[in-house]
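Asker: One structure follows; several queries about it will come next.
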Amino acid sequence: MSLEHAGYDRDAELLERAFRELLVEKGVVSDAAVDERVEFMYRRTPALGARVVARAWFDPGFKARLLDDGSAASGELGIDIRGLKLVVVENTPLLHNLIVCTLCSCYPRMLLGLPPDWYKSVEYRSRAVREPRAVLAEFGLHLAAGVTVRVHDSTADMRYLVLPMRPKGTDALSEAECAALVTRDAMIGVALVGSPKDVL
Amino acid sequence: MSGHHDLGGTQADAPVPRGQHAILPWEMRVDALMQLLSDPKRPGGALISVDELRRGIESLSPDEYRLLGYYERWLQSLIAVMAEKGVIERAALERRVAEVERAHEQEHARRGER
Amino acid sequence: MTPRFNPGQRVRVLDKVTVGHVRTPRYIRGKRGVVERICGEFRKPEELAYGRYDGEREPLYRVRFAQREVWPDYAGAPEDTLDVEIYEHWLEKSEDKR
Numbered sequence: 003m004s005l006e007h008a009g010y011d012r013d014a015e016l017l018e019r020a021f022r023e024l025l026v027e028k029g030v031v032s033d034a035a036v037d038e039r040v041e042f043m044y045r046r047t048p049a050l051g052a053r054v055v056a057r058a059w060f061d062p063g064f065k066a067r068l069l070d071d072g073s074a075a076s077g078e079l080g081i082d083i084r085g086l087k088l089v090v091v092e093n094t095p096l097l098h099n100l101i102v103c104t105l106c107s108c109y110p111r112m113l114l115g116l117p118p119d120w121y122k123s124v125e126y127r128s129r130a131v132r133e134p135r136a137v138l139a140e141f142g143l144h145l146a147a148g149v150t151v152r153v154h155d156s157t158a159d160m161r162y163l164v165l166p167m168r169p170k171g172t173d174a175l176s177e178a179e180c181a182a183l184v185t186r187d188a189m190i191g192v193a194l195v196g197s198p199k200d201v202l
Numbered sequence: 070m071s072g073h074h075d076l077g078g079t080q081a082d083a084p085v086p087r088g089q090h091a092i093l094p095w096e097m098r099v100d101a102l103m104q105l106l107s108d109p110k111r112p113g114g115a116l117i118s119v120d121e122l123r124r125g126i127e128s129l130s131p132d133e134y135r136l137l138g139y140y141e142r143w144l145q146s147l148i149a150v151m152a153e154k155g156v157i158e159r160a161a162l163e164r165r166v167a168e169v170e171r172a173h174e175q176e177h178a179r180r181g182e183r
Numbered sequence: 397m398t399p400r401f402n403p404g405q406r407v408r409v410l411d412k413v414t415v416g417h418v419r420t421p422r423y424i425r426g427k428r429g430v431v432e433r434i435c436g437e438f439r440k441p442e443e444l445a446y447g448r449y450d451g452e453r454e455p456l457y458r459v460r461f462a463q464r465e466v467w468p469d470y471a472g473a474p475e476d477t478l479d480v481e482i483y484e485h486w487l488e489k490s491e492d493k494r
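Next comes the structure, spelled out in structure tokens:
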């Protein structure tokens with residue numbers, strides 16, 4: 003992308019290459035380390051967060067530990083969270099949680115992968131704190147009367163994950179089958195987890 | 070620094086755009102570079118903190134902030150902080166960018182593109 | 397460092413003029429809320445942002461605000477809340493009983 007009107011005439015891809023070449027030549031980073039880290043990030047997907055959610059649905063002790071210390075509990079499942087300071091917030095029939103980072107785009111990347119473009123948008127960052135219900139409605143989520151909305155602005159060092167409610171119609175499903183229902187959007191808070199018939 | 074990144078409550082009635090671009094390899098590499106440079110376990114310790122990355126991004130002009138893509142902002146900030154600390158020199162970077170561009174153009178000409 | 401505030405305590409976010417990097421959003425400055433939890437101790441972003449990695453740590457709090465306290469024209473439900481992480485040096489006790 004070039005931006006002549008902002009005074010930029012350099013292709014960012016070429017700039018990245020030039021910058022990385024200098025860092026490699028100075029021994030600051032290696033191409034192998036960059037490749038390894040890229041591969042690691044490609045393997046971070048919402049399926050990791052979904053495992054945490056499903057375990058919480060099936061194991062009340064785990065759920066209690068998760069709500070108390072999200073990082074430690076996630077680590078129990080063998081997920082490499084690399085210093086993530088995680089706070090897990092639970093949706094209930096009376097409370098719906100929504101996550102945003104108004105100042106930049108902080109996101110629990112180790113459990114969800116890279117954030118979607120909409121999460122990083124000026125519109126989401128500005129409106130999620132001020133008119134969360136209108137934002138949720140745009141995502142097709144209309145909450146029942148009497149449900150409180152709680153927004154979490156990740157301004158500092160903590161990262162947030164929503165523990166969505168377990169949907170109806172899942173009593174006969176295994177933990178892995180339940181995990182397959184849990185979406186990234188439900189763990190950010192702009193969606194609920196659908197029942198199996200909805201997903202199909 | 071004008072606080073143009075401090076967006077909470079600043080816009081109304083603007084629908085959240087739902088388009089998603091496919092992340093490009095160079096963007097993933099920018100993310101990887103930040104992770105490597107900010108790793109406290111790297112030899113010599115971290116060269117940048119998340120806070121410095123944010124500060125570098127916030128130091129972009131309002132136009133730059135608005136017009137540059139997400140990872141372009143990261144890249145500008147990484148370069149600025151590494152240059153501040155003398156890890157790289159901007160003149161050397163400019164020279165290398167020119168070389169990389171020349172190589173890129175020659176490759177395209179060879180392939181008969183454009 | 398002993399935390400100055402405890403969960404359940406009413407606090408107010410300072411409303412100060414700042415130069416440079418801060419992590420206290422403008423929309424929350426001057427607003428009153430309740431400490432929901434102490435998140436731990438962390439270094440100040442104002443120092444980390446300029447390369448000072450060895451500063452003193454201080455408590456970071458999750459503070460819960462009523463949305464109608466934050467936005468005069470808030471259009472959602474009266475019980476809706478907003479949780480924001482605020483560093484101790486940005487908080488003072490709020491004597492307001494409301």
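Residue numbers (this note's numbering), protein chains in the order written: chain A, 3 to 202; chain B, 70 to 183; chain C, 397 to 494.
Beta carbons: idealized from backbone N, C-alpha and C, even for Gly.
Going by DSSP in three states, L456(C) sits in which element: helix, strand or coil?
Answerer: Three-state DSSP puts L456(C) in a strand.
Asker: Which residues of chain A have a Cβ atom closer than 9 Å to the Cβ of D476(C), listed in chain order?
Answerer: Here the neighbours are P134, R135, T150, V151, R152 and V153.
Asker: Here's the rule: buried if 16 or more other CB atoms are within 10 angstroms of the residue's CB, otherwise exposed. What is R87(B)?
Answerer: Flag for R87(B) reads exposed.
Asker: Let me see if you follow: with CB-CB separation under 7 Å, is P455(C) close to chain F or not?
Answerer: This model lacks chain F altogether, as its protein chains are A, B and C.
Asker: Does S156(A) come within less than 7 Å of chain B when only Cβ atoms are used?
Answerer: No, because no Cβ of chain B sits closer than 7 Å to the Cβ of S156(A).
Asker: In angstroms, rounded to a whole number, what distance separates the CA positions of S123(A) and P134(A)?
Answerer: Taking the straight line joining both Cα atoms gives about 15 Å.
Asker: Anyone know if the C-beta pair for I101(A) and H154(A) falls short of 7 Å?
Answerer: It is a contact, given that the beta carbons lie within the stated cut-off.
Asker: Look at the Cβ atom of P117(A), then the Cβ atom of L163(A), and state whether they are nearer than 7 Å.
Answerer: Taking 7 Å as the Cβ cut-off, P117(A) and L163(A) do not qualify as a contacting pair.
Asker: Leaving out the 5 sequence neighbours to the left and right, which residues in its chain are closer than 7 Å to Q175(B) when beta-carbon positions are compared?
Answerer: For Q175(B), where only same-chain residues beyond five positions count, there are no Cβ hits under 7 Å.
Asker: Taking the C-alpha atoms as reference points, what is the distance between F21(A) and D33(A)?
Answerer: Distance between the alpha carbons of F21(A) and D33(A): 12 Å.
Asker: Is it right to say H1(A) is buried, meaning 16 or more other beta carbons lie within 10 angstroms of its own, or is it exposed?
Answerer: An answer regarding residue 1(A) cannot be provided, because it is not within the stretch 3 to 202 covered by chain A.
Asker: Determine, using beta carbons only, whether V131(A) and G77(B) come nearer to each other than 7 Å.
Answerer: Cβ distance < 7 Å, so V131(A) and G77(B) count as in contact.
Asker: So for D70(A), helix, strand or coil by DSSP?
Answerer: D70(A) falls in the helix class under three-state DSSP.
Asker: For chain B, is any of its Cβ atoms less than 7 Å away from the one on Y162(A)?
Answerer: No - not a single Cβ of chain B is within 7 Å of the one on Y162(A).
Asker: Compare the C-beta of G78(B) with all C-beta atoms of chain C and state if any pair is closer than 7 Å.
Answerer: Cβ-Cβ to chain C under 7 Å: yes for G78(B).
Asker: So, helix, strand or coil for P86(B), using DSSP?
Answerer: Three-state result, P86(B): coil.
Asker: Who are the neighbours of A471(C) on chain A, taking C-beta pairs under 8 Å?
Answerer: Near A471(C) (Cβ distances below 8 Å), the residues of chain A are E133, R135 and A136.
Asker: If you scan the stretch 100-164 of chain A from start to end, which runs of the beta strand (DSSP E) of 3 or more residues do you find wholly inside it?
Answerer: Runs of the beta strand (DSSP E) inside the stretch 100-164 of chain A: 150-155.
Asker: Determine the direct distance from the alpha carbon of R186(A) to that of G142(A), and round the result to whole angstroms.
Answerer: Going from the Cα of G142(A) to the Cα of R186(A) covers about 15 Å.
Asker: Would you call the stretch 175-193 of chain A and the stretch 46-58 of chain A touching, i.e. three or more CB-CB distances under 8 Å?
Answerer: Counting Cβ pairs under 8 Å, three or more are found: they touch.
Asker: Are the C-beta atoms of D71(A) and some chain C residue less than 7 Å apart?
Answerer: No, D71(A) lies away from the interface with chain C (no Cβ there is under 7 Å from its Cβ).
Asker: Could you compute how far the alpha carbon of C106(A) sits from the alpha carbon of G171(A)?
Answerer: Computed Cα separation, rounded: 38 Å.
Asker: Grouping DSSP H, G and I as helix and E and B as strand, with all else coil, what is Y470(C)?
Answerer: Coil.
Asker: On the DSSP bridge assignment, give the partners of T479(C) in chain order.
Answerer: Before going further, note that residue 479(C) is Asp rather than Thr in the sequence given. D479(C) pairs with H154(A) and R460(C).
Asker: Can you find the residues in the same chain that come closer than 6 Å, C-beta to C-beta, to E121(B), ignoring five residues on each side of it along the sequence?
Answerer: Answer for E121(B): V150, listed in chain order.
Asker: So H417(C) contacts chain B; which residues on that side make the cut at Cβ distance below 8 Å?
Answerer: Going along chain B in sequence order, the residues near H417(C) (Cβ under 8 Å) are M70, D120, R123, R124 and E127.
Asker: In whole angstroms, give me the CA-to-CA distance for P421(C) and I83(A).
Answerer: P421(C) and I83(A): Cα-Cα distance of roughly 27 Å.
Asker: Quick test of the definition: if touching needs 3 or more C-beta pairs under 8 Å, does the stretch 461-480 of chain C touch the stretch 423-440 of chain C?
Answerer: At 8 Å Cβ cutoff, the stretches touch.
Asker: Quick test of the definition: if touching needs 3 or more C-beta pairs under 8 Å, does the stretch 450-463 of chain C touch the stretch 159-178 of chain B?
Answerer: Short answer: they don't touch.
Asker: Measure the alpha-carbon distance for I117(B) versus T104(A) and round it to whole angstroms.
Answerer: Using only the alpha carbons, I get a separation of about 22 Å.
Asker: Please confirm if E18(A) has its CB atom under 7 Å from at least one CB of chain B.
Answerer: It does: the Cβ of E18(A) has a partner Cβ on chain B nearer than 7 Å.
Asker: Of all the CB atoms in chain A, is at least one closer than 7 Å to the CB of Q89(B)?
Answerer: For Q89(B), the answer is yes, since a Cβ of chain A falls inside 7 Å of its Cβ.
Asker: Are the beta-carbon atoms of P90(A) and L68(A) separated by less than 7 Å?
Answerer: The sequence given here has Val at residue 90(A), not Pro. Yes. Within cutoff.
Asker: Taking its Cβ as the centre, do 16 or more other Cβ atoms sit within 10 Å of T477(C), making it buried, or is it exposed?
Answerer: By the 10 Å Cβ count, T477(C) comes out buried.
Asker: Buried or exposed: P166(A), going by 16 or more other Cβ atoms within 10 Å of its Cβ?
Answerer: Flag for P166(A) reads buried.
Asker: Can you tell me the Cα-Cα spacing of L138(A) and K65(A), whole angstroms?
Answerer: Roughly 26 Å separates the two Cα atoms.
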